[in-house]
Every structure is written in C-alpha cells, then in structure tokens.
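Notes follow once the structure below has been shown.
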Ligand SMILES: Cc1cc2nc3c(=O)[nH]c(=O)nc-3n(C[C@H](O)[C@H](O)[C@H](O)COP(=O)(O)OP(=O)(O)OC[C@H]3O[C@@H](n4cnc5c(N)ncnc54)[C@H](O)[C@@H]3O)c2cc1C
C-alpha cells in the first residue's frame, strides 16, 4: 500500500500487540461467564475487530499488517495468537480460523479474489475455515449461473457467527477444491450431535450447504491445493501458539491461587510450580523457534514440517502435563465449576485434539532419524 513503510508497520504491530494484551483480561472474564451456556464471545470478537486484528492478517501490500500472511511477521504472529489464546481458547479458535482462511485466499487465490477478501477483512468480516467433513461431504456442480452445493461441514467453529467461510468441496470430477463463500445465503446451521467438553464458546456446530448457490468465482486454486505441502502441515504451529497461550493462563491462574491460599511455599507445591513454569517457558521457546522456520517459504520444506510436528507434540505434552500438575496442586478446587482453572483445563484438553497426532510424531521421528537434530534443528 502507498505510504506504508517498514517503520509504520512495526509501530502498528506494536500498537496491535498492546491492544491485544489489554483485551486478555476481559476475554478471560467473558469466557468464564459464557462457558455454562456455550455462549459465543461476541464482545471479544468486536474488540478484536476494533483493535484491527481481523484486518491485521491481510498482507501489508493490501493494507494489513501481514500477521500470519508474511514470513517476516512470524514472531508477531506468535505473539498475537499467544495473547488471544491466553485470554480465551474459544476466542483463539475463532481468530485462528479467521487467520487461516484469509491466509489460504492470499496464498492461493487470484488477484481479484485476494483484493475482495482483503476488503472484506478490512470491513470487519469474520472468516471461518471449514475443511472437516462428516458422512455427507460438501460437493458442488456447475450450473449456468455458477455453482450449486450439497452436503455439510462438521465440525465448524464460528457457525452462525462468521460472515465469510473458506470451505473444501469436491468438484464434479471428485477433486478437492477451495471455495470462498459469503455466508447467510440460506445454509442451515445446526449443533453438533452432542456438545463439546471444552472450547464451548467457539460456536462449533455443523453447516449444511445443500441447495445453496454461489458465483463460479467462489472457487479458488486448483484441485488438491488445500493439502499442498509444506503449508498444510506447517500451519499446525498456529494452533500450538493459541494452545501455548492457554497453557500460560492456566499456569498463572494456578500460581495465583496457590499464593492466595498460602500454599505456594510448601516444598512439593514449589516443585510442581517449578515444573509448570518449565512447561510454560518450554512451550514459548518452541514457538519462538518454530514460527520463523514454519513461515520461511525458502527453507527446506521437509525440515519445516518435521520441526512443526515436533513443536506440536512438545506443546501438547507440556500442556497435558501441566493440567495434571495443576489438578494435583489445587486439589478439588481445580474441579469446582466456578473456578476458571476448571474451565481452562477443559478448554485446553479439548483444543489440543488436533488431527493425526501419531502420524505427526512418527513423521518427525523419521525425518530426524535421517537428519539428526544436531544438524537439523535450528
Ligand atoms: C473445538 C474444536 C473446533 C474445531 N473447529 C473446526 C473448524 O472450524 N473447522 C474444521 O474444519 N475443523 C474443526 N475442528 C476439527 C479439527 O480440525 C480436527 O478435525 C479434529 O480436532 C481432529 O481431532 P481428532 O482427535 O478427532 O483427530 P484424529 O486424527 O482422529 O486423532 C485421534 C487419534 O486417532 C489417531 N488416528 C488418526 N488417524 C488414524 C488412523 N487412520 N488409524 C488409526 N488411528 C488414527 C490419532 O493419531 C490420534 O491418536 C475443530 C476441533 C475442535 C476440537
């Protein structure tokens, strides 16, 4: 964009990070208030919009800040996701979906589609990314006027809340294509067959697109583009960044409670606190290490995928271990529903359910067996 210098992009990013840090406290309070009925954090999404976060994911040349879409902003992206996840993992799920959807359009879409998506993000549209299918996968046929869809996506975060969605759909030849869809054209939003234990505020449901028509230019990219590596696998680092934010807020809640109850000085509580801090810091260090590797388009793609896979497993394990430590340290209090710790444990355990964990670890093990970490891990 004309007149946008590196200096003013840096200043705008610093201002965005400061605003996101201010939003974390209200987001935590709202998450606690909304959790029992699984309410959507509309006020927090509005606050993200007002802070410029929805638009920040657009590349700088289209007026945004390149958060999640430009390699040089890898570290700022990690900070953003960590801060938002620290406020609320449900909000983090929503923001991560928005970022990932816009990123796909920016990497794969035509110039006109990229411009339209950037304008939508600037106008405050919340994007979702729905790529998981149930028994009735989404597909489309071509018509004289464009395309007509059938089938449903499940699970879908932001269902009934997002106003734009990137979805995968089978084309008439059976190839998997990407569609950028304006929502609200009659698609039917429903609940999951049963509710989720955690991340209940992310409006995760099902969306039936049967009979919905769109213009032909809703389709972007070629068949198979969504699964194109290394992007498909390296994108997992962003979910880990949100989870690491949740982990940090869990450790802080446990620390504060132990101090308030006068139990932090007990030797065994001290030891558990020490282990919690180790996990929190380790997760952050993994993120700092892996974000630039994942985002560097000129790096070795196999190394990037294997590094993200290791980071994902490391942050998952650090989080699961911390949940155990916190529950042991606080005792029954960690299971009382009015205690934020109880919700954060549920949210974090649920958020960590990302696809194909075994395959991810096995793939990383195979890579680093042939490329020993001493010569491969940056
Ligand atoms: C809160 C929340 C919101 C979500 N929102 C969205 C959304 O907006 N859009 C979207 O597209 N998706 C969404 N998802 C779904 C998400 O993208 C993943 O599909 C889902 O979380 C995968 O988790 P899983 O544990 O079922 O994975 P799985 O891959 O089923 O893994 C479960 C276990 O099975 C093992 N396993 C995997 N494959 C095999 C196999 N072939 N044989 C044997 N074992 C296997 C794994 O290693 C692991 O141990 C959401 C999920 C959550 C939790």
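In this note's numbering, the protein residues as written are 337 to 714. Even glycine gets a Cβ: it sits at the ideal position worked out from N, Cα and C.
Asked	Found
Under the criterion of a Cβ to heavy atom distance below 7 Å, does residue 378 qualify as lining ligand 1?	no
Examine the Cβ distances between the stretch 568 to 577 and the stretch 617 to 627 and report whether three or more of them are shorter than 8 Å.	yes
Using 8 Å as the threshold, is the C-beta distance between residue 389 and residue 427 below it?	no
Under three-state DSSP, which class holds residue 639?	helix
Quick check on the burial criterion: 16 or more other C-beta atoms within 10 angstroms. Buried or exposed for residue 449?	buried
For ligand 1, is there a heavy atom less than 7 Å away from the beta-carbon of residue 681?	no
From what residue to what residue does the beta strand (DSSP E) around residue 544 run?	541 to 544
By alpha-carbon positions, which one of 472, 540 and 392 ends up nearest to residue 496?	540
Hey, would you say the C-beta of residue 695 is under 7 Å away from at least one heavy atom of ligand 1?	yes
Per DSSP, what kind of secondary structure is residue 474 in: helix, strand or coil?	coil
Are there any heavy atoms of ligand 1 lying less than 7 Å away from the beta-carbon of residue 466, as far as the coordinates show?	yes
If you run the structure through DSSP and keep just helix, strand and coil, what is residue 467?	coil
Could you spell out where the alpha helix (DSSP H) holding residue 715 opens and where it closes?	Nothing can be reported for residue 715: it is not among the residues displayed for the chain, which extend from 337 to 714.
Work out the CA separation of residue 481 and residue 699 for me, nearest whole Å.	44 Å
Taking residue 484 as part of the beta strand (DSSP E), name the residues at either end of that continuous run.	482 to 486
Whose C-alpha, out of 465, 640, 382 and 493, is nearest the C-alpha of residue 425?	493
Quick test of your reading: residue 640 and residue 566, contact by CB under 8 Å. State the CB separation rounded to the nearest angstrom.	5 Å
For residue 422, I'd like the list of residues in its chain whose CB is within less than 6 Å of its CB, leaving aside the five on either flank, ordered along the chain.	360, 581, 584 and 585
So residue 526 is in the beta strand (DSSP E); what residue range does that whole segment cover?	524 to 527
Considering only the alpha carbon of each residue, which of 462, 458, 470 and 517 lies closest to residue 484?	517
So, at 7 Å on beta carbons, what are the nonlocal neighbours of residue 554 in its own chain, with the 5 sequence-adjacent residues on each side left out?	483, 515, 516 and 517
Touching or not, the stretch 451 to 470 and the stretch 605 to 621, by the rule of three or more beta carbon pairs under 8 Å?	no
Helix, strand or coil: which one does DSSP assign to residue 613?	helix
To test your reading of the DSSP string, which unbroken alpha helix (DSSP H) runs of 4 or more residues are found completely within the stretch 353 to 407?	378 to 387 and 389 to 392
Is any heavy atom of ligand 1 found at a distance shorter than 7 Å from the C-beta of residue 433?	yes
Going by the C-beta, is residue 535 closer than 7 Å to any heavy atom of ligand 1?	yes
Please confirm whether residue 659 and residue 621 have their CB atoms less than 8 Å apart.	no
For residue 500 and residue 452, I'd like the C-alpha separation in whole angstroms.	11 Å
Whole-angstrom Cβ separation of residue 419 and residue 464, contact assumed at under 8 Å?	About 21 Å; that fails the 8 Å criterion.
Can you tell me whether residue 733 is buried or exposed? The criterion is at least 16 other CB atoms within 10 Å of its CB, across all chains shown.	A question about residue 733 goes unanswered here, because the residues of the chain that appear run from 337 up to 714.
Assuming residue 556 contacts residue 400 (C-beta within less than 8 Å), just tell me the rounded distance between them.	So it is not a contact: roughly 18 Å between Cβ atoms.
Whole angstroms is fine: what's the gap from residue 692's alpha carbon to residue 598's?	42 Å
Can the beta-carbon of residue 528 be found closer than 8 Å to that of residue 490?	yes
What three-state label does DSSP hand residue 455 in the structure shown?	helix
With burial defined as no fewer than 16 other Cβ atoms inside 10 Å of the residue's Cβ, what is the status of residue 594: buried or exposed?	buried
If you follow the beta strand (DSSP E) that residue 513 is part of, which residue opens it and which one closes it?	512 to 518
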